[in-house]
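What follows is a set of notes on a single structure, which appears directly below.
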Amino acid sequence: MNWKDSRDIAIELHNLFPDVDPKTVRLTDLYQWVLDLNDFDGKPDHSSEKILEAILLCWMKLEKSNS
3 MNWKDSRDIA
13 IELHNLFPDV
23 DPKTVRLTDL
33 YQWVLDLNDF
43 DGKPDHSSEK
53 ILEAILLCWM
63 KLEKSNS
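Count the sequence shown with this note's numbering and you get residues 3 to 69, in order.
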């Protein structure tokens, strides 16, 4: 995975952090969590606020669809 795989990243984060409300996640924490994913091979400097927000949006949609 890399930064363009917002949905796949969101699914991984949803599975790793089932008790975390994505609406409460700081972008700095999200950035580190993504870099720490086992299947993530994106370059750290290829991230942006827009990309991180897209990941959070996907994660929030997952949370909403599972509630």
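Quick reminder that beta carbons are idealized off the backbone N, C-alpha and C, glycines included. Keep in mind it's a predicted model, so treat the numbers as computed, not measured.
- DSSP, reduced to helix, strand and coil, places residue 36 within a helical segment of the structure shown.
- Its Cα nearest to that of residue 59, the residue 12 stands out among 12, 5, 6.
- When 67, 55, 65, 63 are compared, the shortest CA-CA separation from residue 5 is found for 55.
- When DSSP states are grouped into helix, strand and coil, residue 61 belongs to the helix group.
- Counting along the chain, the unbroken alpha helix (DSSP H) around residue 10 starts and ends at 8-18.
- Closest by C-alpha distance to residue 65, out of 52, 16, 41, 44, is 16.
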